[in-house]
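Residue numbers (the UniProt record's numbering), protein chains in the order written: chain Y, 1 to 112; chain C, 1 to 282.
The structure is reproduced here in structure tokens:
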């Protein structure tokens, strides 16, 4: 899998490899990173889940697919966000108050 | 164009995987998804490797497109069914290319990889082999492609539809929130553009909303049906998704995709830019 170098970020809009380390070019003094894993109620990591970031009005902002280890990552801005996950194993939702730097969260999914 | 001619359902696709004359094509920027499993019989097109010029900032020309499709075994009279990840962004982008180069029969798979995955339908890792063809692309149809000068002249005159997220529109973010934010261009939007995020046109499972819902979304946002329309985003793939909705599903007449989009416009010297949530003045 290609790593998210500056070149391929500039080229496209697809989400980079979610489990790759943060690129060295990412300045954590400036970026607001929201990252975490998706798990089932039994604690199993969920790869291939669709995680979307919704803004404070509930509007869709971005979506990524979790890595095989269940990892997702967004580059947002400080403020209130909602994470929502869809998967074969059910859905889940979580409110996040993000600050500059890395914000780590855990997102559970379950069938209703 | 309409939903019946431009779109197929996952059920229809599953029943037509082996129908002669129908070619399934997965299109993505990152084709590792294809390599890990794809719809049985589908071939892949890599949005970056196959569809972008390797040197100039532009996409493949008529000859390059002909050579690509010949090499992949697609002929002019095949029906091409496109699908991909990212809610079909890159598949919609490829659809726009196929239309630009005059392919007769091309459709999108509603929901793309996402619906296929959430429905837990079958994937395979088998890569099909197709015999080479002698594909002949037509001259590009520039009625569906906008360039920067036309976009600047469209301010206050045509419908400009910004399909990025509200925060990108307002200038609070420079890129979609799954990407790092540091970019060379200025933030904001083209003055008088209305904000209709591409995502409003899609259901959570990646399928398109109904024609009635779609017409209401654009009507409520202030799209004037009597005017020509130009859609843009950051690099032109999310706006292909919205171009598809306006032109192919809702059947609006003159709709162009500005593939230079914000990465070009936001880097131009001297053009007007609006900040904040309102369209702004011409």
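We put the CB at the ideal spot given by N, CA and C, even for glycine. Given the structure is predicted, the values throughout are model-derived calculations rather than measurements.
- prompt: Expressed to the nearest angstrom, what Euclidean distance is found between the alpha-carbon atoms of residue 245/C and residue 51/C?
  reply: C-alpha separation (whole angstroms): 22 angstroms.
task: Using beta-carbon positions only, say whether residue 109/Y and residue 46/Y come within less than 8 angstroms of one another.
output: yes
Own chain partners of residue 211/C with C-beta closer than 7 angstroms, once the 5 adjacent residues on each side are dropped: 3, 249, 250
Rounded separation between residue 228/C and residue 90/Y - CA only: 42 angstroms
message: Just checking: is the beta-carbon of residue 280/C within a distance shorter than 8 angstroms of some beta-carbon in chain Y?
response: no
query: Could you give the distance in angstroms between the alpha-carbon of residue 253/C and the alpha-carbon of residue 25/Y?
result: 44 angstroms
field: For residue 155/C, the first and last residue of its enclosing beta strand (DSSP E)
entry: Neither: residue 155/C is in no beta strand (DSSP E) and is coded neither H nor E.
- request: With 8 angstroms as the threshold, decide whether the Cβ of residue 9/Y is near any Cβ in chain C.
  value: Residue placement at residue 9/Y is poorly supported in this model, since its pLDDT is 38, which falls under 50; the coordinates still yield a value, given next. So yes, residue 9/Y belongs to the interface.
- prompt: In this structure, does DSSP put residue 110/Y in helix, strand or coil?
  reply: strand
- prompt: So with Cβ pairs under 8 angstroms, would you call residue 114/C a contact of chain Y?
  reply: Yes, because at least one Cβ of chain Y sits closer than 8 angstroms to the Cβ of residue 114/C.
message: Contact between the region 146 to 161 of chain C and the region 121 to 136 of chain C is defined here as three or more beta-carbon pairs at a separation below 8 angstroms; is this criterion met?
response: no
query: When you compare each of 126/C, 262/C, 143/C, 133/C to residue 193/C by their alpha carbons, which one comes out closest?
result: 262/C
message: With DSSP as the reference, identify every bridge partner of residue 83/C, one or two as the case may be.
response: 26/C
- prompt: Among residues of its own chain, excluding the 5 on either side of residue 85/C, which ones have a beta-carbon nearer than 6 angstroms to its beta-carbon?
  reply: The answer, listed in chain order, is 28, 33, 113.
message: So residue 162/C and residue 190/C are supposed to be a Cβ contact under 8 angstroms. How far apart are they, rounded?
response: 7 angstroms
- prompt: Excluding the five sequence neighbours on either side, which residues of its own chain have a C-beta within less than 6 angstroms of the C-beta of residue 41/Y, listed in chain order?
  reply: Hits under 6 angstroms: 110.
Members of the region 108 to 138 of chain C that neighbour chain Y once the beta carbon cut-off is set at 8 angstroms: 114, 117, 118, 120
- prompt: Along chain C, in chain order, which residues have C-beta atoms closer than 7 angstroms to that of residue 86/Y?
  reply: 118, 204
- request: Tell me, please, whether the region 124 to 135 of chain C touches the region 67 to 86 of chain C by the rule of three or more beta-carbon pairs shorter than 8 angstroms.
  value: yes
message: Do residue 83/C and residue 39/C count as a contact pair if the criterion is CB distance below 8 angstroms?
response: yes
- prompt: Taking 8 angstroms as the CB-CB limit, is residue 26/C close to chain Y?
  reply: Chain Y contact via Cβ: absent.
query: What are the start and end residues of each continuous beta strand (DSSP E) run of 3 or more residues lying completely inside the UniProt domain "Rhodanese" (18 to 125) of chain C, in chain order?
result: When DSSP assignments are scanned along the UniProt domain "Rhodanese" (18 to 125) of chain C, the uninterrupted stretches of beta strand (DSSP E) that are 3 or more residues long and fall wholly within it turn out to be 22 to 28, 43 to 46, 79 to 83, 106 to 109.
- request: Please list the segments of the alpha helix (DSSP H) lying wholly inside the UniProt domain "Rhodanese" (160 to 274) of chain C, counting only runs of 4 or more residues, in order along the chain.
  value: Segments of the alpha helix (DSSP H) lying fully in the UniProt domain "Rhodanese" (160 to 274) of chain C: 166 to 170, 211 to 220, 238 to 243, 261 to 265.
task: With DSSP as the reference, label residue 3/C as helix, strand or coil.
output: helix
message: Taking CB distances under 8 angstroms as the criterion, tell me whether residue 85/C reaches chain Y.
response: For residue 85/C, the nearest beta carbon of chain Y is closer than 8 angstroms to its own beta carbon.
- prompt: Exposed or buried, what is residue 55/C when buried is set at 16 or more other beta-carbons lying within 10 Å of its beta-carbon?
  reply: exposed
- request: Look at the alpha carbon of residue 206/C and the alpha carbon of residue 1/C, and state the distance between them as a whole number of angstroms.
  value: 21 angstroms
Residue nearest to residue 160/C in terms of C-alpha spacing, selected from 77/C, 37/C, 267/C, 242/C: Checking every option, the nearest Cα to that of residue 160/C belongs to 242/C.
message: So, with DSSP's three-state summary, where would you put residue 10/C?
response: helix
task: Could you tell me whether the Cβ of residue 29/C comes closer than 8 angstroms to any Cβ of chain Y?
output: Yes, contact with chain Y.
Assigned secondary structure, residue 151/C (DSSP; H/G/I helix, E/B strand, else coil): helix
query: CA-CA distance, residue 7/C and residue 75/Y?
result: 33 angstroms
message: Please state the DSSP three-state secondary structure of residue 143/C.
response: If DSSP states are grouped into helix, strand and coil, residue 143/C belongs with the helices.
- request: Please decide whether residue 140/C counts as near chain Y, where near means a Cβ-Cβ distance under 8 angstroms.
  value: no
field: Span of the beta strand (DSSP E) around residue 283/C
entry: In the structure as shown, chain C starts at 1 and stops at 282, and residue 283/C therefore has no counterpart that could be examined.
task: Please confirm whether residue 267/C and residue 181/C have their CB atoms less than 8 angstroms apart.
output: no
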